[in-house]
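Numbering (this note's numbering), first residue to last: 20 to 367.
All C-beta atoms, glycine included, are put in the ideal place defined by N, C-alpha and C.
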Amino acid sequence: KLAGGKAAEGGGMWKDLMYDVADIAEEWLPALLFVLFASGAMYILFSNVIREPAPPLRWRLPHSAEEVCIQGENGEDLWYYTKGQGHTVILLHGAGTSSVQFSFLFKRLATKKIRVVAVDLRGHGHSGLGAGFSARMLADDIQRVMDDLGGTEGFTLVGFGLGGYAALAWRIFCKNEHVKNVKGIVLASGYAMLPTDNSALYIFKVLVSSGWIHFLWRNKRIANSMSRLWFGRVATDSMLEEFRRTTLNCPHKVWARTLKGSQQDLRGFLPHIDTPCLIICGFQDVLYYSAQASLMLLGSKVGVAPKKVTLENFGHSLMWEAPDKLTGILCEHLFPTPVDGQADVPAS
20 KLAGGKAAEG GGMWKDLMYD VADIAEEWLP ALLFVLFASG AMYILFSNVI REPAPPLRWR
80 LPHSAEEVCI QGENGEDLWY YTKGQGHTVI LLHGAGTSSV QFSFLFKRLA TKKIRVVAVD
140 LRGHGHSGLG AGFSARMLAD DIQRVMDDLG GTEGFTLVGF GLGGYAALAW RIFCKNEHVK
200 NVKGIVLASG YAMLPTDNSA LYIFKVLVSS GWIHFLWRNK RIANSMSRLW FGRVATDSML
260 EEFRRTTLNC PHKVWARTLK GSQQDLRGFL PHIDTPCLII CGFQDVLYYS AQASLMLLGS
320 KVGVAPKKVT LENFGHSLMW EAPDKLTGIL CEHLFPTPVD GQADVPAS
């Protein structure tokens, strides 16, 4: 009898549990089905949208610029564009963009006694991504461009964002005859390691790496609201729209590999760099301004302190916000005016 009673009691417990599960399923099943249906619909819509062609870029390098392709193995072709004569200035763009980011600066520098070279970094613009993406690979790519240019006695590297990271990587990892030929490195909104203490930047990296930015930024209003983080007070609707188009034109897989491959911390190498450096940053750069502090370590152990210029009312995207100011700063840096008032033009 006792055993039978326990069995009956156990059966009753299981029956109550099944009734409870049935009640919960009845209550939450519509919501669960809705979530599954909405997720499936969003996935289909998301997949279709990110496969649609991105709106074309409106700003271009001048048609008179010479296009050069450096053939490489495993899809590692590198493209660069050049114009002008004189001291060679190599322009290295930021993540998710291309040499077109320097459209305004390129045109202004080409009118000076400068040979301007704008490079499409690997995976960006017309350049192939190749086998991967890392600081060492970026350094090797810059070296390939220098070797291909040849016949020059002096370079200046100008890097914006990721381009500044690439310029530092080249100086750290490439030990050859070109080191003494580099007259200086200019870091505009640059970094030696991506900031890790900025929640807005972290959210953007997650969204752009997963492809959600390519879905959300099809809507101009959403894109303009988010992209204002990259600009200061001087931002215009035209700048915001071009930034939206530039971001959409870089596949999210390239974004993901670029951000993952540029996480090596270069800060420990900075004190030993003896190449003169100029740091240019916008005071309203809420995303990367904190990263500028570590750049002041440049040359600290070899007695070559960097110069720093902070631009008020400007944010991160200095290439678009302040092309005239950047041209003036670069020319003053390249052609310093001595006491006698005559510009000292670097050897070309």
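Excluding residues up to 5 positions away in sequence, Ser246, Trp249, Ser336 lie with their Cβ nearer than 7 Å to the Cβ of Phe262 in the same chain.
In the three-state scheme derived from DSSP, where H, G and I count as helix and E and B as strand, Lys202 is classed as strand. Looking at the DSSP output, His106 shares a beta bridge with Ile133.
In the three-state reduction of the DSSP assignment, Val323 falls in the coil class, being assigned neither a helical nor a strand state. Annotation for Val87: the continuous beta strand (DSSP E) segment containing it runs 85-89. Taking the C-beta atoms as reference points, Ser117 is found no nearer than 7 Å to Gly91.
Taking each of Asn243, Tyr184, Ala129 in turn and checking the Cα distance to Gly209, the smallest one comes out for Tyr184.
Annotation: Ala219 to Gly169 spans about 42 Å, alpha carbon to alpha carbon. Counting only the Cα atoms, Lys102 lies some 8 Å from Ser83. With contacts defined as CB atoms closer than 7 Å, Thr266 and Gly173 fail to qualify as a contacting pair. DSSP places Thr175 outside any alpha helix (DSSP H); the residue lies instead in the beta strand (DSSP E), whose first and last residues are 174-179. Ile222 is bridged by DSSP to nothing; it lacks a bridge partner. Contact annotation: the stretch 217-237 does not touch the stretch 321-329, with fewer than three C-beta pairs closer than 8 Å. Between the stretch 272-287 and the stretch 297-307, the count of C-beta pairs closer than 8 Å stays below three; the two stretches do not touch. Within the model, the alpha-carbon separation for Gln162 versus Arg155 is close to 11 Å. In the DSSP assignment, Ile292 falls outside any alpha helix (DSSP H), carrying neither H nor E. Of all alpha-carbon atoms in Val87, Leu148, Glu260, the one lying nearest the alpha-carbon of Tyr100 is that of Val87. Secondary structure at Tyr99: strand, using DSSP grouped into helix, strand and coil. Boundaries of the beta strand (DSSP E) harbouring Gly301: 296-301, taken from the DSSP string. Counting only residues of its own chain and dropping the five nearest sequence neighbours on each side, Ser228 has a CB closer than 7 Å to the CB of His271, Trp274, Ala275, Leu278.
In this structure, Pro81 is the residue among Leu316, Pro81, Asn195, Pro74 with its C-alpha nearest to the C-alpha of Val119. One alpha carbon belongs to Cys296, the other to Ala188, and they sit about 14 Å apart.
Residue environment: Gly287 is assigned as exposed (fewer than 16 neighbouring CB atoms within 10 Å of its CB, all protein chains considered). In terms of CA proximity to Tyr308, Leu213 leads the group Glu340, Gly149, Leu213. Counting along the chain, Thr255 sits inside no alpha helix (DSSP H), nor does DSSP assign it H or E at all. For Cys350, the enclosing alpha helix (DSSP H) stretches over residues 342-353.
Check the Cα spacing between Ser257 and each of Ala242, Gln104, Asn268: the tightest is with Ala242.
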